[in-house]
Amino acid sequence: IFDFLMPGYLGDAAEFRKQYENPIKRSETTNRFKPSPAVKEAGALAMESLHRAVLLFILRRTKSQVLNDLPPKVIQDIICEMTTFQRKLYSETAAAATLESFGNLTAVEKSKQGAHTLKTISLLRRIALHPSLVLSSEEAQRNFNISDIDSFAHSGKLLALQEILEEAGIGKRLQPGSSRSRFLIFAQQQKSLDLVHKFLTTEIPGINLMRLDGSVQEMDRASIAQRFNNDSSVDAMLVSTHVGGLGLTLTGADKVVFIEHDWNPQNDLQAMDRAHRIGQTKTVFVYRLITESSIEEQIMSKQAFKLHLANTIVSSENVSMKSMNTKRLLDAFASSGSKAKKKRQQLDNGLDPIGELKIGQKGKSSMKSYLSELAELSDEEQYQEFNFTSFLTEMKTMRSINATSNARIHAPDPAA
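245 is the number of the first residue of the sequence shown in our numbering; add one for each residue after it.
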(Lines of atoms letter the chains of each structure in order from A; the text may use other names.)
(Lines give C-alpha, C1' and ligand atoms only; values in the text may rest on other atoms or scores of the structure.)
Protein backbone atom coordinates (compact mmCIF):
# COMPACT_ATOMS: atom_id res chain seq x y z
CA ILE A 245 0.00 0.00 0.00
CA PHE A 246 2.76 2.44 0.93
CA ASP A 247 4.68 1.64 -2.25
CA PHE A 248 1.55 2.48 -4.26
CA LEU A 249 0.69 5.68 -2.39
CA MET A 250 4.25 6.89 -1.81
CA PRO A 251 6.65 5.04 -4.14
CA GLY A 252 10.06 4.57 -2.56
CA TYR A 253 9.03 5.88 0.87
CA LEU A 254 9.95 2.57 2.56
CA GLY A 255 12.49 1.60 -0.10
CA ASP A 256 12.13 -1.14 -2.68
CA ALA A 257 11.36 -4.75 -1.69
CA ALA A 258 15.02 -5.66 -1.16
CA GLU A 259 15.70 -2.59 0.97
CA PHE A 260 12.55 -3.16 3.03
CA ARG A 261 13.55 -6.75 3.76
CA LYS A 262 17.08 -5.74 4.71
CA GLN A 263 16.14 -2.78 6.91
CA TYR A 264 12.93 -4.01 8.52
CA GLU A 265 11.68 -7.51 7.70
CA ASN A 266 14.83 -9.58 8.26
CA PRO A 267 15.86 -8.02 11.61
CA ILE A 268 12.30 -8.35 12.92
CA LYS A 269 11.98 -12.00 11.84
CA ARG A 270 15.34 -12.90 13.38
CA SER A 271 14.24 -11.41 16.70
CA GLU A 272 11.26 -13.73 17.03
CA THR A 273 11.26 -15.96 20.11
CA THR A 274 9.87 -19.48 19.65
CA ASN A 275 9.80 -22.66 21.73
CA ARG A 276 13.03 -23.83 20.08
CA PHE A 277 14.86 -20.62 19.33
CA LYS A 278 15.75 -17.70 21.56
CA PRO A 279 17.66 -14.90 19.81
CA SER A 280 20.62 -13.23 21.47
CA PRO A 281 20.13 -9.86 23.21
CA ALA A 282 21.90 -8.14 20.30
CA VAL A 283 19.57 -9.75 17.74
CA LYS A 284 16.51 -8.85 19.81
CA GLU A 285 17.68 -5.28 20.13
CA ALA A 286 18.26 -5.04 16.37
CA GLY A 287 14.71 -6.27 15.80
CA ALA A 288 13.32 -3.80 18.31
CA LEU A 289 15.19 -0.93 16.66
CA ALA A 290 13.91 -1.98 13.23
CA MET A 291 10.37 -2.06 14.58
CA GLU A 292 10.81 1.35 16.18
CA SER A 293 12.11 2.76 12.91
CA LEU A 294 9.19 1.27 10.95
CA HIS A 295 6.71 2.55 13.51
CA ARG A 296 8.06 6.08 13.26
CA ALA A 297 7.99 5.90 9.46
CA VAL A 298 4.32 4.91 9.18
CA LEU A 299 2.93 6.55 12.33
CA LEU A 300 1.79 9.75 10.64
CA PHE A 301 -0.13 7.87 7.94
CA ILE A 302 -2.09 5.27 9.94
CA LEU A 303 -5.17 5.87 12.05
CA ARG A 304 -6.55 2.79 13.76
CA ARG A 305 -9.85 2.49 15.59
CA THR A 306 -10.85 -0.89 17.01
CA LYS A 307 -14.35 -2.06 17.88
CA SER A 308 -13.54 -1.85 21.57
CA GLN A 309 -12.87 1.86 21.11
CA VAL A 310 -15.93 2.82 19.08
CA LEU A 311 -18.56 0.24 20.11
CA ASN A 312 -18.81 0.68 23.85
CA ASP A 313 -22.06 -1.29 24.09
CA LEU A 314 -20.71 -4.42 22.42
CA PRO A 315 -20.57 -7.37 24.87
CA PRO A 316 -17.15 -8.83 25.75
CA LYS A 317 -15.39 -11.48 23.70
CA VAL A 318 -13.53 -14.18 25.65
CA ILE A 319 -10.95 -16.32 23.83
CA GLN A 320 -9.89 -19.62 25.40
CA ASP A 321 -7.28 -22.04 24.08
CA ILE A 322 -8.10 -25.68 24.75
CA ILE A 323 -5.11 -28.01 24.45
CA CYS A 324 -6.19 -31.42 23.13
CA GLU A 325 -4.00 -34.44 23.77
CA MET A 326 -3.34 -36.77 20.86
CA THR A 327 -4.70 -40.27 21.00
CA THR A 328 -2.19 -43.13 20.92
CA PHE A 329 -2.66 -43.82 17.21
CA GLN A 330 -2.60 -40.11 16.35
CA ARG A 331 0.74 -39.72 18.12
CA LYS A 332 2.21 -42.78 16.38
CA LEU A 333 1.07 -41.67 12.91
CA TYR A 334 2.18 -38.08 13.51
CA SER A 335 5.63 -39.18 14.63
CA GLU A 336 6.16 -41.60 11.74
CA THR A 337 4.97 -39.06 9.17
CA ALA A 338 7.36 -36.42 10.47
CA ALA A 339 10.24 -38.89 10.69
CA ALA A 340 9.68 -40.10 7.12
CA ALA A 341 9.99 -36.54 5.85
CA THR A 342 13.23 -35.82 7.69
CA LEU A 343 16.46 -35.67 5.75
CA GLU A 344 19.86 -35.68 7.40
CA SER A 345 21.08 -32.97 5.03
CA PHE A 346 20.09 -30.89 2.04
CA GLY A 347 23.70 -30.12 1.28
CA ASN A 348 24.42 -32.99 -1.13
CA LEU A 349 21.17 -33.04 -3.08
CA THR A 350 20.96 -31.77 -6.64
CA ALA A 351 18.85 -28.72 -7.44
CA VAL A 352 16.06 -30.93 -8.82
CA GLU A 353 16.13 -33.14 -5.72
CA LYS A 354 16.01 -30.08 -3.45
CA SER A 355 13.01 -28.78 -5.37
CA LYS A 356 11.22 -32.10 -4.92
CA GLN A 357 12.07 -32.10 -1.23
CA GLY A 358 10.59 -28.61 -0.87
CA ALA A 359 7.32 -29.81 -2.38
CA HIS A 360 7.34 -32.84 -0.08
CA THR A 361 7.86 -30.55 2.91
CA LEU A 362 4.72 -28.59 2.04
CA LYS A 363 2.84 -31.87 1.71
CA THR A 364 4.19 -32.92 5.09
CA ILE A 365 2.92 -29.72 6.70
CA SER A 366 -0.52 -30.36 5.22
CA LEU A 367 -0.43 -33.98 6.40
CA LEU A 368 0.58 -33.08 9.95
CA ARG A 369 -2.20 -30.51 10.21
CA ARG A 370 -4.79 -33.08 9.16
CA ILE A 371 -3.42 -35.79 11.43
CA ALA A 372 -3.78 -33.30 14.28
CA LEU A 373 -7.53 -33.46 13.64
CA HIS A 374 -8.06 -37.10 12.68
CA PRO A 375 -5.93 -39.85 11.04
CA SER A 376 -8.71 -40.72 8.58
CA LEU A 377 -8.03 -37.43 6.79
CA VAL A 378 -4.76 -38.89 5.48
CA LEU A 379 -5.23 -42.69 5.66
CA SER A 380 -7.67 -44.90 3.79
CA SER A 381 -9.10 -47.96 5.51
CA GLU A 382 -6.84 -50.20 3.41
CA GLU A 383 -3.69 -48.23 4.28
CA ALA A 384 -4.57 -48.18 7.98
CA GLN A 385 -5.12 -51.94 8.02
CA ARG A 386 -2.05 -52.78 5.92
CA ASN A 387 0.47 -50.40 7.48
CA PHE A 388 -0.75 -50.01 11.06
CA ASN A 389 -3.08 -52.97 11.65
CA ILE A 390 -5.88 -50.52 12.44
CA SER A 391 -9.30 -51.80 11.39
CA ASP A 392 -11.38 -48.90 12.73
CA ILE A 393 -9.66 -45.88 11.16
CA ASP A 394 -12.99 -44.03 10.97
CA SER A 395 -13.55 -44.32 14.71
CA PHE A 396 -13.97 -40.91 16.31
CA ALA A 397 -12.04 -42.21 19.32
CA HIS A 398 -8.85 -41.63 17.29
CA SER A 399 -9.23 -37.84 17.61
CA GLY A 400 -8.61 -35.99 20.84
CA LYS A 401 -9.93 -32.82 19.24
CA LEU A 402 -13.32 -34.29 18.29
CA LEU A 403 -13.76 -35.63 21.80
CA ALA A 404 -13.06 -32.15 23.18
CA LEU A 405 -15.61 -30.65 20.77
CA GLN A 406 -18.25 -33.11 21.92
CA GLU A 407 -17.60 -32.19 25.54
CA ILE A 408 -17.98 -28.46 24.81
CA LEU A 409 -21.27 -28.95 22.99
CA GLU A 410 -22.76 -31.30 25.56
CA GLU A 411 -21.83 -28.97 28.42
CA ALA A 412 -23.83 -26.28 26.60
CA GLY A 413 -26.84 -28.60 26.46
CA ILE A 414 -26.66 -29.30 22.73
CA GLY A 415 -28.59 -32.44 21.85
CA LYS A 416 -30.83 -32.25 24.90
CA ARG A 417 -34.51 -31.35 24.80
CA LEU A 418 -35.04 -27.63 25.29
CA GLN A 419 -37.67 -26.65 27.81
CA PRO A 420 -40.44 -24.32 26.53
CA GLY A 421 -39.54 -20.67 27.01
CA SER A 422 -35.86 -21.38 27.65
CA SER A 423 -32.83 -20.81 25.45
CA ARG A 424 -29.27 -22.03 25.16
CA SER A 425 -26.05 -21.15 23.44
CA ARG A 426 -25.66 -21.62 19.71
CA PHE A 427 -22.38 -22.35 17.96
CA LEU A 428 -20.28 -21.46 14.95
CA ILE A 429 -17.74 -24.20 14.20
CA PHE A 430 -14.93 -23.11 11.87
CA ALA A 431 -12.53 -25.31 9.90
CA GLN A 432 -10.06 -24.65 7.09
CA GLN A 433 -10.89 -27.53 4.77
CA GLN A 434 -14.12 -28.95 3.41
CA LYS A 435 -13.06 -32.50 4.27
CA SER A 436 -12.62 -31.41 7.88
CA LEU A 437 -16.17 -30.03 7.87
CA ASP A 438 -17.39 -33.33 6.40
CA LEU A 439 -15.71 -35.19 9.26
CA VAL A 440 -17.13 -32.88 11.93
CA HIS A 441 -20.62 -33.10 10.40
CA LYS A 442 -20.49 -36.90 10.41
CA PHE A 443 -19.15 -36.92 13.96
CA LEU A 444 -21.80 -34.59 15.38
CA THR A 445 -24.77 -36.26 13.69
CA THR A 446 -23.52 -39.65 14.91
CA GLU A 447 -22.54 -38.80 18.48
CA ILE A 448 -25.22 -36.15 19.19
CA PRO A 449 -28.29 -37.48 17.32
CA GLY A 450 -30.58 -34.62 18.34
CA ILE A 451 -28.33 -31.86 17.03
CA ASN A 452 -29.70 -29.50 14.37
CA LEU A 453 -26.97 -28.30 11.99
CA MET A 454 -26.54 -25.87 9.11
CA ARG A 455 -23.51 -25.55 6.88
CA LEU A 456 -21.78 -22.78 4.95
CA ASP A 457 -18.79 -23.71 2.79
CA GLY A 458 -17.42 -23.42 -0.73
CA SER A 459 -20.26 -25.50 -2.18
CA VAL A 460 -22.71 -22.66 -1.41
CA GLN A 461 -23.09 -20.06 -4.14
CA GLU A 462 -21.97 -16.58 -3.10
CA MET A 463 -25.41 -15.11 -3.82
CA ASP A 464 -27.00 -17.59 -1.37
CA ARG A 465 -24.68 -17.06 1.60
CA ALA A 466 -26.39 -14.00 3.07
CA SER A 467 -29.79 -15.73 3.07
CA ILE A 468 -28.32 -18.77 4.82
CA ALA A 469 -26.78 -16.51 7.46
CA GLN A 470 -30.11 -14.75 7.96
CA ARG A 471 -31.93 -18.08 8.30
CA PHE A 472 -29.44 -19.19 10.95
CA ASN A 473 -29.87 -15.96 12.92
CA ASN A 474 -33.67 -16.18 12.83
CA ASP A 475 -34.09 -19.90 13.55
CA SER A 476 -33.20 -20.58 17.18
CA SER A 477 -33.81 -24.30 16.69
CA VAL A 478 -30.51 -24.56 14.78
CA ASP A 479 -27.85 -25.54 17.31
CA ALA A 480 -24.74 -24.93 15.24
CA MET A 481 -23.44 -23.87 11.86
CA LEU A 482 -20.38 -25.51 10.30
CA VAL A 483 -18.44 -22.80 8.49
CA SER A 484 -15.41 -22.72 6.22
CA THR A 485 -13.09 -19.98 7.50
CA HIS A 486 -12.36 -18.69 4.01
CA VAL A 487 -16.00 -18.67 2.90
CA GLY A 488 -17.88 -17.55 5.99
CA GLY A 489 -15.13 -15.59 7.70
CA LEU A 490 -15.82 -12.27 6.00
CA GLY A 491 -18.79 -10.01 5.39
CA LEU A 492 -21.51 -12.05 7.11
CA THR A 493 -23.40 -11.35 10.31
CA LEU A 494 -23.93 -14.49 12.42
CA THR A 495 -24.94 -12.96 15.74
CA GLY A 496 -27.40 -15.79 16.32
CA ALA A 497 -24.41 -17.65 17.78
CA ASP A 498 -22.68 -16.70 21.01
CA LYS A 499 -20.08 -19.47 21.04
CA VAL A 500 -17.38 -20.03 18.40
CA VAL A 501 -15.16 -23.10 18.03
CA PHE A 502 -12.07 -23.27 15.82
CA ILE A 503 -11.25 -26.83 14.75
CA GLU A 504 -8.36 -25.66 12.54
CA HIS A 505 -6.34 -22.46 12.47
CA ASP A 506 -5.07 -20.07 9.82
CA TRP A 507 -1.45 -18.97 9.43
CA ASN A 508 -2.79 -15.41 9.21
CA PRO A 509 -4.27 -14.39 12.58
CA GLN A 510 -6.45 -11.75 10.94
CA ASN A 511 -8.42 -14.45 9.09
CA ASP A 512 -9.30 -16.16 12.36
CA LEU A 513 -10.10 -12.84 14.06
CA GLN A 514 -12.41 -11.87 11.21
CA ALA A 515 -14.10 -15.27 11.42
CA MET A 516 -14.80 -15.10 15.15
CA ASP A 517 -16.14 -11.58 14.73
CA ARG A 518 -18.98 -12.90 12.58
CA ALA A 519 -20.65 -13.46 15.96
CA HIS A 520 -19.03 -10.58 17.85
CA ARG A 521 -20.49 -7.57 16.05
CA ILE A 522 -23.36 -5.08 16.18
CA GLY A 523 -26.54 -6.93 17.10
CA GLN A 524 -24.88 -9.34 19.54
CA THR A 525 -26.41 -9.15 23.02
CA LYS A 526 -24.48 -11.93 24.76
CA THR A 527 -20.87 -12.40 25.76
CA VAL A 528 -19.13 -14.30 22.96
CA PHE A 529 -16.94 -17.23 23.97
CA VAL A 530 -14.32 -18.43 21.50
CA TYR A 531 -12.75 -21.88 21.93
CA ARG A 532 -9.60 -22.63 19.92
CA LEU A 533 -8.91 -26.37 19.90
CA ILE A 534 -5.15 -26.92 19.61
CA THR A 535 -3.59 -30.37 19.37
CA GLU A 536 -0.79 -30.64 21.89
CA SER A 537 2.80 -31.19 20.71
CA SER A 538 1.83 -30.65 17.09
CA ILE A 539 2.43 -28.18 14.30
CA GLU A 540 -0.66 -26.31 15.50
CA GLU A 541 1.31 -24.93 18.44
CA GLN A 542 3.78 -23.50 15.92
CA ILE A 543 0.91 -21.95 13.95
CA MET A 544 -0.44 -20.28 17.08
CA SER A 545 3.04 -19.02 17.95
CA LYS A 546 3.29 -17.46 14.49
CA GLN A 547 -0.12 -15.88 14.97
CA ALA A 548 0.93 -14.36 18.29
CA PHE A 549 4.12 -12.90 16.84
CA LYS A 550 2.33 -11.36 13.86
CA LEU A 551 -0.26 -9.77 16.15
CA HIS A 552 2.56 -8.32 18.26
CA LEU A 553 4.04 -6.76 15.14
CA ALA A 554 0.74 -5.33 13.95
CA ASN A 555 -0.19 -3.97 17.37
CA THR A 556 3.25 -2.47 17.88
CA ILE A 557 3.15 -0.57 14.59
CA VAL A 558 -0.35 0.90 14.88
CA SER A 559 -1.27 0.54 18.56
CA SER A 560 -3.15 3.50 19.99
CA GLU A 561 -0.74 3.34 22.94
CA ASN A 562 2.07 4.31 20.58
CA VAL A 563 0.53 7.41 18.99
CA SER A 564 3.15 9.54 20.70
CA MET A 565 6.74 9.33 19.50
CA LYS A 566 7.84 9.51 23.12
CA SER A 567 5.90 6.38 24.01
CA MET A 568 7.84 4.29 21.50
CA ASN A 569 11.01 2.94 23.08
CA THR A 570 13.29 -0.01 22.60
CA LYS A 571 12.71 -1.52 26.05
CA ARG A 572 8.97 -1.92 25.46
CA LEU A 573 9.63 -3.59 22.14
CA LEU A 574 12.17 -5.97 23.66
CA ASP A 575 9.53 -6.98 26.22
CA ALA A 576 7.06 -7.60 23.40
CA PHE A 577 9.50 -9.79 21.48
CA ALA A 578 10.35 -11.75 24.62
CA SER A 579 6.71 -12.64 25.22
CA SER A 580 5.72 -13.38 21.62
CA GLY A 581 6.57 -17.09 21.69
CA SER A 582 4.11 -19.84 22.47
CA LYS A 583 3.24 -20.10 26.18
CA ALA A 584 2.14 -23.71 25.98
CA LYS A 585 4.30 -25.75 28.35
CA LYS A 586 6.00 -28.95 27.29
CA LYS A 587 4.05 -31.83 28.88
CA ARG A 588 5.81 -34.82 27.42
CA GLN A 589 9.19 -35.77 26.05
CA GLN A 590 10.28 -35.06 22.50
CA LEU A 591 8.40 -37.35 20.12
CA ASP A 592 10.72 -39.20 17.73
CA ASN A 593 13.38 -38.93 15.04
CA GLY A 594 13.86 -35.25 14.45
CA LEU A 595 10.43 -34.10 15.61
CA ASP A 596 10.39 -31.54 18.39
CA PRO A 597 7.41 -30.89 20.72
CA ILE A 598 5.89 -28.23 18.45
CA GLY A 599 6.05 -30.23 15.27
CA GLU A 600 9.18 -28.81 13.64
CA LEU A 601 11.16 -31.13 11.38
CA LYS A 602 14.93 -30.97 11.61
CA ILE A 603 15.95 -31.14 7.98
CA GLY A 604 19.65 -31.16 8.76
CA GLN A 605 22.67 -29.20 9.89
CA LYS A 606 24.75 -29.04 6.71
CA GLY A 607 22.03 -27.36 4.71
CA LYS A 608 21.14 -25.09 7.65
CA SER A 609 17.51 -25.64 6.71
CA SER A 610 14.60 -26.72 8.88
CA MET A 611 10.83 -26.88 8.95
CA LYS A 612 10.99 -23.55 10.79
CA SER A 613 12.29 -21.86 7.66
CA TYR A 614 9.39 -23.26 5.66
CA LEU A 615 6.85 -22.21 8.28
CA SER A 616 8.20 -18.66 8.25
CA GLU A 617 7.37 -18.42 4.54
CA LEU A 618 3.82 -19.77 4.82
CA ALA A 619 2.08 -16.65 6.10
CA GLU A 620 0.05 -16.24 2.93
CA LEU A 621 -0.55 -19.94 2.21
CA SER A 622 -4.30 -20.29 2.59
CA ASP A 623 -5.39 -22.76 -0.09
CA GLU A 624 -4.26 -26.30 0.66
CA GLU A 625 -6.45 -28.02 -1.89
CA GLN A 626 -3.43 -28.53 -4.17
CA TYR A 627 -1.81 -30.70 -1.50
CA GLN A 628 -4.86 -32.78 -0.61
CA GLU A 629 -5.14 -35.30 -3.40
CA PHE A 630 -2.24 -37.68 -3.10
CA ASN A 631 -1.65 -41.21 -1.91
CA PHE A 632 -0.29 -41.37 1.62
CA THR A 633 1.65 -44.59 1.09
CA SER A 634 3.22 -43.25 -2.10
CA PHE A 635 4.19 -40.10 -0.26
CA LEU A 636 6.05 -42.03 2.45
CA THR A 637 7.75 -44.15 -0.20
CA GLU A 638 8.93 -41.04 -2.04
CA MET A 639 10.32 -39.58 1.17
CA LYS A 640 12.25 -42.76 1.90
CA THR A 641 13.63 -42.65 -1.65
CA MET A 642 14.82 -39.09 -1.06
CA ARG A 643 16.56 -40.20 2.11
CA SER A 644 18.22 -43.06 0.21
CA ILE A 645 19.45 -40.67 -2.51
CA ASN A 646 20.89 -38.37 0.11
CA ALA A 647 22.58 -41.23 1.97
CA THR A 648 24.17 -42.41 -1.29
CA SER A 649 25.42 -38.89 -2.01
CA ASN A 650 26.95 -38.68 1.45
CA ALA A 651 28.63 -42.07 0.99
CA ARG A 652 30.21 -40.95 -2.29
CA ILE A 653 31.49 -37.73 -0.78
CA HIS A 654 32.97 -39.32 2.33
CA ALA A 655 34.40 -42.44 0.65
CA PRO A 656 38.23 -42.64 0.89
CA ASP A 657 40.18 -41.85 -2.27
CA PRO A 658 41.78 -45.13 -3.52
CA ALA A 659 44.67 -43.15 -4.98
CA ALA A 660 45.45 -41.53 -1.63
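Note that beta-carbon positions come from the ideal geometry of N, C-alpha and C, so glycine has one too.
Small disclaimer: the values here were computed from a predicted structure and weren't measured.
If you draw a 10 Å sphere on the C-beta of Gln320, you find fewer than 16 other C-beta atoms in it, and that means exposed. As a beta-bridge residue in DSSP terms, Met454 pairs with Met481. C-alpha of Gln263 to C-alpha of Leu289: approximately 10 Å in a straight line.
Remark: C-beta atoms of Cys324 and Ala431 do not approach each other more closely than 8 Å. One thing to note: Val487 has its Cβ within 8 Å of the Cβ of Gly458. At the C-beta level, Ile468 and Leu456 come within 8 Å of one another. Beyond the five residues adjoining it in sequence on each side, Tyr253 comes within less than 6 Å, by CB distance, of Phe246 in the same chain, given in chain order.
Rounded to whole angstroms, the gap between the alpha carbons of Thr485 and Lys435 is 13 Å. For the options Glu259, Ile302, His295, Ser280, the alpha carbon positioned closest to that of Leu249 is the one of Ile302. In the structure shown, Val460 adopts coil according to DSSP, grouped into three states.
Within the same chain, Cβ atoms closer than 6 Å to the Cβ of Leu453 are found at Ala480, the five residues on either side in sequence being excluded. With fewer than 16 neighbouring CB atoms inside 10 Å of its own CB, Lys442 falls in the exposed class.
Look at Thr525 here: in three-state DSSP terms it is coil, with no helix or strand label.
The beta carbons of Tyr531 and Ile414 sit about 13 Å from each other, so the pair does not count as a contact at 8 Å. Listed in chain order, the non-local C-beta contacts of Gln514 below 6 Å within the same chain comprise Gly489, Leu490, local neighbours out to five positions each way being set aside. Ala297 sits in a helix when the DSSP states are folded into three classes.
The DSSP-derived three-state label of Gln433 is coil.
In this chain, the alpha helix (DSSP H) harbouring Ile268 covers 266 to 270. Contact between Ile503 and Arg369 fails: their C-beta atoms lie close to 11 Å from each other, not under 8 Å.
Taking all protein chains shown into account, Ile522 has fewer than 16 neighbouring C-beta atoms within 10 Å of its C-beta and is therefore exposed. Annotation for Gln406: Glu447 place their beta carbon closer than 6 Å to its own, counting only its chain and skipping 5 residues before and after. Fully contained in the segment 398 to 449 are the following alpha helix (DSSP H) runs of length 4 or more, in chain order: 400 to 411, 434 to 447. Excluding the 5 residues flanking it on each side, His505 has same chain C-beta neighbours closer than 8 Å at Gln432, Asp512, Arg532, Ile534, Glu540, Ile543, Met544, Gln547, in chain order. When DSSP states are grouped into helix, strand and coil, Tyr334 belongs to the helix group.
Looking at the DSSP output, Tyr531 bridges to Gln320, Val501. In the three-state reduction of the DSSP assignment, Lys262 falls in the helix class. Excluding its 5 nearest sequence neighbours in each direction, Ala384 has C-beta neighbours in its own chain below 6 Å: Ile390, Ile393, listed in chain order.
Each residue's CA atom was taken as its position, placing Met516 and Asn508 some 13 Å apart. Non-local beta-carbon contacts of Val500 in its own chain, meaning distances under 6 Å to residues more than five positions away in sequence, involve Leu428, Met516, Ala519, Val530 in chain order. In the structure shown, the three-state DSSP call for Met291 is helix. In the DSSP assignment, Met516 falls within the alpha helix (DSSP H) that extends over 509 to 516. His295 has its alpha-carbon roughly 15 Å from the corresponding atom of Lys550. Ranked by how close their Cα comes to the Cα of Phe472, the residues Glu462, Gln461, Thr495 have Thr495 in first place. Within 10 angstroms of the beta-carbon of Val483 lie 16 or more other beta-carbons, which makes it buried. Going by beta carbons, Pro315 and Lys526 fall inside the 8 Å limit. In chain order, Arg424 place their CB closer than 8 Å to the CB of Leu418, counting only its own chain and leaving out the 5 sequence neighbours on each side.
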